[in-house]
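According to this note's numbering, numbering within the sequence shown proceeds without interruption in unit steps and concludes at 290. Note that beta-carbon positions come from the ideal geometry of N, C-alpha and C, so glycine has one too. Okay, so here's the structure we're looking at.
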Amino acid sequence: MDKLRLHGFNNLTKSLSFNIYDISYAKTEQHRQEYIAYIDELYNADRLTDILTQVTEIIGANVLNIARQDYEPEGASVTILIAEHPIDPSADELSNAPGPLPESVVGHLDKSHITVHTYPESHPDNGISTFRADIDVSTCGVISPLKALNFLIHSFDSDVVIMDYRVRGFTRTEDGQKIYIDHEINSIQNYIDEVTKDQYELIDVNVYQEHIFHTKMMLKQMELEHYLFGAGTDEFSASDLEDIRYRLSKEMQELFYSRNMMPSQPVSRKQTRS
């Protein structure tokens with residue numbers, strides 16, 4: 017898309033919202049309580065502030081204010097108000113392509129905010145424990161927050177990721193014509209690196225005429241040892257391990273498809289992860 021000559025400031029609002037789910041299995045009530053305490057400490061307000069501050073640095077924005085809070089009995093929230101970067105972004109930073117991974121990050125972002133809220137919880141009967149992080153990156157100006165996707169996905173253990181991106185409002189060209197979107201996009205997947213996409217099943221639900229984009233990701237393969245909290249695979253029988261695998265897979269599919277599955281429904285997905 018050619019560079020637009022605008023009348024005044026680009027006030028298009030671009031909002032990226034996504035839920036990241038990390039699933040585990042905790043055998044006993046004590047293990048479930050220990051899981052909640054562990055995940056609550058791992059992603060406390062200080063750690064989340066560090067992650068979001070890194071995002072702010074990655075995208076080249078300036079921190080104006082940070083509000084953070086740890087909750088009782090668990091959970092945390094962080095909101096960072098950010099200001100626009102004083103220099104114009106490069107063409108590469110505006111491109112319809114994946115953003116940087118945590119190891120190599122460069123970018124810019126116009127003013128707005130970044131927020132995160134966490135929700136650790138555990139099922140009292142079947143041992144499934146689920147940690148959810150809700151993250152919002154909202155910008156006002158020329159830069160899309162989609163460039164932060166790769167870093168944020170890799171900052172958490174992401175079994176299921178649900179993402180929404182929307183461009184709202186309008187800005188004007190010098191001759192008064194309204195502009196409702198100022199960059200090319202046909203899928204959020206364009207901003208996710210190929211290695212990550214190979215590891216996940218992905219589904220798009222897009223409403224192009226409304227500039228609304230929705231993508232779901234679910235990890236394809238499972239190495240069961242990584243999902244057991246407070247125990248190893250050698251502490252379970254073969255039938256128990258198969259039952260745990262079923263419960264974990266059922267939890268992920270229910271989150272991915274946003275519907276409950278009956279116990280009799282088969283779960284025909286990931287078996288092993290190398």
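Q) Hey, K232 and I178 are a contact pair by Cβ (cut 8 Å); roughly how many whole angstroms apart? A) Residue numbering aside, residue 232 sits at position 216 when the sequence shown is read from its first letter. Residue numbering aside, residue 178 sits at position 162 when the sequence shown is read from its first letter. About 5 Å; that satisfies the 8 Å criterion.
Q: Take the Cβ of G91 as the centre, count every other Cβ of all protein chains shown within 10 Å, and call the residue buried at 16 or more, exposed below.
A: Stepping through the sequence shown from its first residue, residue 91 is reached at position 75. That one is buried.
**Q.** Spatial distance of L117 from D209 (CA atoms)
**A.** Within the sequence shown, residue 117 is the residue found at index 101, counting from 1. Within the sequence shown, residue 209 is the residue found at index 193, counting from 1. Low confidence applies to L117: its pLDDT is 42, below 50, so where it sits in the model is not reliable enough to give any reading.
Q | Supposed close pair S2, S31 - CB separation, criterion 8 Å | A | One cannot answer for residue 2 here, as it falls past the ends of the chain, which runs 17 to 290.
Q | Close beta carbons around H133, own chain, < 6 Å, minus the five adjacent residues each side | A | The sequence position of residue 133 within the sequence shown is 117, counting from 1. Around H133: S93, D150.
Q) By how many angstroms is the C-alpha of S171 removed from the C-alpha of H227? A) In the sequence shown, residue 227 corresponds to position 211, counting from 1. In the sequence shown, residue 171 corresponds to position 155, counting from 1. Answer to the nearest angstrom: the Cα atoms are 27 Å apart.
Q: For the segment 40-51 and the segment 236-247, state whether three or more C-beta atom pairs, one from each stretch, are separated by less than 8 Å.
A: Yes: at least three Cβ pairs fall under 8 Å.
Q. What first and last residue would you give for the beta strand (DSSP E) that runs through M278?
A. If you number the sequence shown from 1, residue 278 lands on position 262. No beta strand (DSSP E) contains M278, which DSSP labels as neither H nor E.
**Q.** K43 (DSSP reduced to helix, strand or coil)
**A.** Walking along the sequence shown from the start, residue 43 turns up at place 27. Residue state, collapsed to three classes: coil.
Q) What is the residue span of the alpha helix (DSSP H) that I83 lies within? A) In the sequence shown, counting from the first residue as 1, residue 83 sits at position 67. The sequence as given places Ala at residue 83; Ile does not occur at that position. Note, A83: premise wrong, no alpha helix (DSSP H); beta strand (DSSP E) at 78-86.
Q) Quick one: complete beta strand (DSSP E) runs, 3+ long, within the segment 165-221? A) DSSP runs (the beta strand (DSSP E)) wholly in the segment 165-221: 176-184, 216-220.
(Q) Check this for me: beta carbons of E217 and F147, under 9 Å apart or not? (A) Here residue 217 refers to the residue found at position 201 of the sequence shown. Here residue 147 refers to the residue found at position 131 of the sequence shown. Pairing E217 with F147 gives a Cβ-Cβ distance that is not under 9 Å.
Q) Within 10 angstroms of its Cβ, does K163 collect 16 or more other Cβ (buried), or is it exposed? A) Position 147 of the sequence shown, counted from the first residue, corresponds to residue 163. K163 comes out buried.
Q.
Excluding the 5 residues flanking S40 on each side, which residues of the same chain have their C-beta closer than 7 Å to its C-beta?
A. Numbered from its first residue, the sequence shown carries residue 40 at position 24. Contacts found: Y51, S145, Y243, F245.
Q | Cβ-based burial, Q237 [other Cβ within 10 Å; buried from 16] | A | Here residue 237 is taken as the residue at index 221 of the sequence shown, counted from 1. Flag for Q237 reads exposed.
Q) From E88, A61, I74, P140, pick the residue whose C-alpha is nearest to that of I82; which is it? A) Here residue 82 is taken as the residue at index 66 of the sequence shown, counted from 1. Considering only alpha carbons, the answer is A61.
Q. To the nearest angstrom, how far is it from the Cα of A42 to the Cα of Y54?
A. Your numbering for residue 42 matches position 26 in the sequence shown. Your numbering for residue 54 matches position 38 in the sequence shown. Per the coordinates, the alpha-carbon of A42 lies some 12 Å from the alpha-carbon of Y54.
**Q.** Residues bridged to S31 (per DSSP)
**A.** As a first step, residue 31 is located in the sequence shown; it is residue number 15 there, counting from the start. DSSP lists S154, R182 as partners of S31.
**Q.** Cut-off 6 Å between Cβ atoms - residues of its own chain near P279, not counting five sequence neighbours on either side
**A.** As a first step, residue 279 is located in the sequence shown; it is residue number 263 there, counting from the start. Nothing meets the Cβ criterion.
Q. Since T134 is in the beta strand (DSSP E), which residue starts that stretch and which ends it?
A. As a working mapping, residue 134 is identified with position 118 in the sequence shown. Taken as a continuous stretch (DSSP letters only), the beta strand (DSSP E) holding T134 covers 128-138.
(Q) Tell me the rounded alpha-carbon separation between H129 and Q205. (A) Within the sequence shown, numbered from 1, the residue matching residue 129 stands at position 113. Within the sequence shown, numbered from 1, the residue matching residue 205 stands at position 189. The alpha-carbon separation between H129 and Q205 amounts to approximately 23 Å.
**Q.** L80 to C156 span [Cα, whole Å]
**A.** In the sequence shown, residue 80 corresponds to position 64, counting from 1. In the sequence shown, residue 156 corresponds to position 140, counting from 1. The alpha-carbon atoms of L80 and C156 are separated by roughly 15 Å.
Q) What is the DSSP secondary structure of F245, reduced to helix, strand or coil? A) As a working note, residue 245 is residue 229 in the sequence shown. Here DSSP, grouped into helix, strand and coil, assigns F245 to strand.
Q: May I have the straight-line CA-CA distance separating L58 from Q269, to the nearest angstrom?
A: Taking the sequence shown and counting its residues from 1, one reaches residue 58 at position 42. Taking the sequence shown and counting its residues from 1, one reaches residue 269 at position 253. Taking the straight line joining both Cα atoms gives about 25 Å.
Q: Report the option in Q225, L235, V211 whose CA atom is closest to the CA atom of I219.
A: Within the sequence shown, numbered from 1, the residue matching residue 219 stands at position 203. Proximity to I219 across Q225, L235, V211 peaks at L235, based on C-alpha coordinates.
Q | Separation of Q215 from S297, as counted between CA atoms | A | Nothing can be reported for residue 297, as the shown portion of the chain is limited to 17 through 290.
**Q.** Closest Cα partner of V221 within the set Y181, T187, V71, H199
**A.** Taking the sequence shown and counting its residues from 1, the one referred to as residue 221 is at position 205. It is Y181.
Q) My guess is that T131 and I169 are in contact by the Cβ rule of under 8 Å, so how many angstroms apart are they, rounded? A) The residue you call residue 131 lines up with position 115 of the sequence shown. The residue you call residue 169 lines up with position 153 of the sequence shown. In this structure, T131 and I169 do not form a Cβ contact; the two beta carbons are roughly 17 Å apart against a cut-off of 8 Å.
Q | Start and end residues, beta strand (DSSP E) containing L97 | A | Taking the first residue of the sequence shown as position 1, residue 97 is located at position 81. Element bounds for L97: 92-99.
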